[in-house]
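Here the structure is laid out as structure tokens; the discussion comes afterwards.
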Amino acid sequence: MTVEQFPAPSDVAGMYDGIGQIYGSAWGPNKHYGYWENDADDSSIEVATDRLTDLMISGVAAQAGQRVLDIGCGIGHPALRLVRACDVDVLGISVSHVQVARAKELAAAAGLADRATFQFTDAMDMPFPDGSFDAAWAFESMWHMPDRGQVLSETARVLRPGGRLAIADVIERGPVSPEGRVVLDHICENYAVRSLGTVDEYRTALAANGFVDVEIRDISDNVSRTLAVMADAVETVHDKLADLVGEEQATSLIDFMRLSAVTPESGYLFLTAVRA
Ligand SMILES: C[S@@+](CC[C@H](N)C(=O)[O-])C[C@H]1O[C@@H](n2cnc3c(N)ncnc32)[C@H](O)[C@@H]1O
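The sequence shown begins at 0 in numbering that gives the first Met the number 0 and counts up one residue at a time.
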């Protein structure tokens, strides 16, 4: 890795082990957005975030006994749900040692330590043999990657031919107004993100890396409530956040969450593809 690469694994870990832990204390074990069916859906954070996991589970469509790679595993909550739903073995990777340790603890507590394993690994350079997984998902981790094309290339390499890939990711939707640009820049500057992807970028990068049968859904409308709900949740731990980043920055982070919730340029996609 060159010194210019941003975000470095330590930048991502610093974010998740810092403000991420405080957000998590208010949000729960799923470190991703929630999915609401429509405006009338009053599902809790727990139900809505598990529902997005279930969408990803349907996306990888793994069969019993298969081996699935979880790229950017958080503390392993989605991986454990995948193991239970599909009777598969999952290897989760993260660039946070804290997350990997917690994921191992949770897997052991669930009696699934032999089915769900976790290790510190940078998705930009994976130490796995060619074709060693039947399926993979990158569940809201791609926005942190210094080079999404490089991660897709690595993923294609470690997937067997015919292996399925599912991705959920925060993206940028154009055209971007000046006000939207302020929000998108805030996301990049505060959440260890070099730049947000777009639907067009994904289509090009997937094709360039040998993925076929690409299906992309813009699910921004279903997940956009996340930011407003998260702002309310994080407000309850405002003091802890202010202790870490200062009062002004804590208020700014929460204010921008509310702004992101109503910024159409702050989007989200769900995609599936098959390694040719
Ligand atoms: C938004 S969290 C999602 C966690 C988990 N997938 C979930 O849904 O609960 C993003 C995850 O991506 C991981 N990540 C970011 N950059 C990574 C990289 N270069 N290699 C591996 N994991 C990475 C982070 O450590 C974190 O676990």
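Ideal Cβ positions, reconstructed from N, Cα and C, are used throughout, including at glycine. Everything numeric in this text was worked out from a predicted model, so none of it was measured.
Item                                                                                             : Value
Beta-carbon proximity check, Tyr34 vs Ile218, cutoff 8 Å                                         : yes
Secondary structure of Gly148, DSSP reduced to three states                                      : helix
4 or more residues per run - each alpha helix (DSSP H) lying fully within the stretch 115-197    : 147-157 and 177-189
Proximity below 8 Å, CB of Trp136 to CB of Leu158                                                : no
Heavy atom of ligand 1 within 7 Å of Asn29 beta-carbon                                           : yes
Assigned exposure category for Thr203 - 16 Cβ within 10 Å defines buried                         : exposed
Given Trp142 as reference, the closest of Gly266, Thr271 and Ala275 once Cα atoms are compared   : Gly266
Beta-bridge partners of Leu267, as assigned by DSSP                                              : Reading off the sequence shown, one finds Tyr at residue 267, where the question assumed Leu. In DSSP, Tyr267 forms a bridge with Val169.
contact_flag[the stretch 166-178, the stretch 90-108] where n(CB pairs < 8 Å) is 3 or more       : no
Per-residue burial, Thr271 [other beta carbons within 10 Å of its own, 16 or more giving buried] : buried
Ile21 Cβ short of 7 Å to ligand 1 heavy atom set                                                 : no
Alpha carbon of His185 to alpha carbon of Arg80, nearest angstrom                                : 32 Å
beta-carbon Gly71 near ligand 1 non-hydrogen atom, thresh 7 Å                                    : yes
Delimiting residues of the alpha helix (DSSP H) encompassing Leu111                              : Counting along the chain, Leu111 falls outside any alpha helix (DSSP H), and DSSP gives it neither H nor E.
Local conformation of Gly18 per DSSP, three classes                                              : According to the sequence as given, residue 18 is Ile; it is not Gly. Three-state DSSP puts Ile18 in a helix.
C-alpha gap between Asp254 and Ala275, whole angstroms                                           : 44 Å
Segment contact flag, the stretch 35-46 with the stretch 59-72, C-beta cutoff 8 Å, min 3 pairs   : no
Asp49 burial status per 10 Å Cβ neighbour count (16 or more: buried)                             : buried
For Leu243 and Ile21, believed in contact at Cβ under 8 Å, the rounded distance                  : 6 Å
Beta bridge counterpart(s) of Glu214 as assigned by DSSP                                         : Thr271
Glu45 versus Gly23 - alpha carbon distance                                                       : 12 Å
Proximity test, Ser259 beta-carbon vs ligand 1 heavy atom, cut-off 7 Å                           : no
Limits of the beta strand (DSSP E) - the one that Asp49 falls within                             : Segment Ile44 to Val59 is the alpha helix (DSSP H) holding Asp49; no beta strand (DSSP E) there.
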